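Engineer: Positions -8 to 158 (our numbering) are the ones given, in order, by the sequence shown. Please find one structure pasted underneath; my questions will follow.
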Amino acid sequence: MTTTTPPLNPRVIALAHYASRALLENVLARHGATFQQSVTLRLVAVADEPVDRDRLVDGVVGALKIDTTEAHSVVDELIAAKLLAPQEPSRVRITDAGRELYDVITAGTSPITARIYAGIPTEDLVAAGRVLTLITERADAELAALTHVTHQPTNHVTHHVTHHVTK
-8 MTTTTPPLNP
2 RVIALAHYAS
12 RALLENVLAR
22 HGATFQQSVT
32 LRLVAVADEP
42 VDRDRLVDGV
52 VGALKIDTTE
62 AHSVVDELIA
72 AKLLAPQEPS
82 RVRITDAGRE
92 LYDVITAGTS
102 PITARIYAGI
112 PTEDLVAAGR
122 VLTLITERAD
132 AELAALTHVT
142 HQPTNHVTHH
152 VTHHVTK
């Protein structure tokens, strides 16, 4: 029996995401870190200098689609764990312990990632990257439109009264 490869669709993307995330979370659990913390720590670790806290929070919100309050809480958790440290006036930097954790997580996930991607032609990875980037951009735009609509104040009573008064 031959199995046909399904075209890229939301289910295929979700299955790949959750399979990959489960692997990452397994590595993170061994070190007492959460997925949200790892995303936040990575944003600071890859910067060559301390980062502005608000920009960090924006990056976490954009990556994880969480609200700013939750993103600030994750930054606070990392500061409390001494993985990040505040730096005046409103910046944060990675600490030695944070760098060590980031390096250990990276060392734990890199061989797994290499095995998963092994043998996939570069052209296929480039095409997949291009398509997934486009899907992400479109999904982000849809989310922004939905968020904008749901945050618009609506006063059905005022609308109803105004509608009837002007007729």
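Heads up, the beta-carbon is just placed ideally off N, CA and C, and yes, glycines get one too. Model, not experiment: these values are computed from the prediction.
Which residues share a DSSP beta bridge with Ile85?
Structural biologist: In the DSSP output, where bridge partners are listed per residue, Ile85 has Leu75.
Engineer: For Leu74 and Leu92, which I take to be in contact (beta-carbon distance under 8 Å), what is that distance rounded to the nearest angstrom?
Structural biologist: That pair is a contact at about 6 Å.
Engineer: Work out the CA separation of Ala135 and Lys158 for me, nearest whole Å.
Structural biologist: No answer about Lys158 holds up, because its pLDDT of 42 lies below 50 and its placement is not dependable.
Engineer: Specify the secondary structure class of Asp58 as computed by DSSP and reduced to three states.
Structural biologist: Residue state, collapsed to three classes: coil.
Engineer: Say yes only if the C-beta of Arg21 is nearer than 6 Å to one or more non-hydrogen atoms of the ligand COA, and no if none qualify.
Structural biologist: The ligand COA is absent from the structure shown, which contains no ligand whatsoever.
Engineer: Leaving out five residues before and five after Thr(-6) in sequence, what residues of the same chain have Cβ atoms less than 7 Å from its Cβ?
Structural biologist: Contacts found: none.
Engineer: Can you list, in chain order, the stretches of the alpha helix (DSSP H) that have 4 or more residues and sit fully within the stretch 13 to 72?
Structural biologist: Counting whole runs of 4 or more residues, the stretch 13 to 72 contains the alpha helix (DSSP H) stretches 26 to 36, 44 to 55 and 59 to 71.
Engineer: Are the CB atoms of Val42 and Ile96 nearer to each other than 7 Å?
Structural biologist: Result no, Cβ atoms of Val42 and Ile96 do not sit closer than 7 Å.
Engineer: Can you tell me the Cβ-Cβ gap for Leu55 and Gln27, rounded? I've got them flagged as a contact below 8 Å.
Structural biologist: Going by Cβ atoms, the distance from Leu55 to Gln27 rounds to 6 Å, so yes, they are a contact pair.
Engineer: If Val65 and Val51 are in contact, beta carbons under 8 Å, what's the gap, nearest whole angstrom?
Structural biologist: The Cβ separation is near 6 Å, so the contact holds.
Engineer: Report the rounded CA-to-CA distance for Thr113 versus Pro(-2), giving the unit in angstroms.
Structural biologist: Approximately 19 Å, taken between the alpha carbons.
Engineer: Answer with buried or exposed for Leu69, where buried requires no fewer than 16 other C-beta atoms within 10 angstroms of its C-beta.
Structural biologist: Looking at its Cβ environment, which holds 16 or more other Cβ atoms inside 10 Å, Leu69 is buried.
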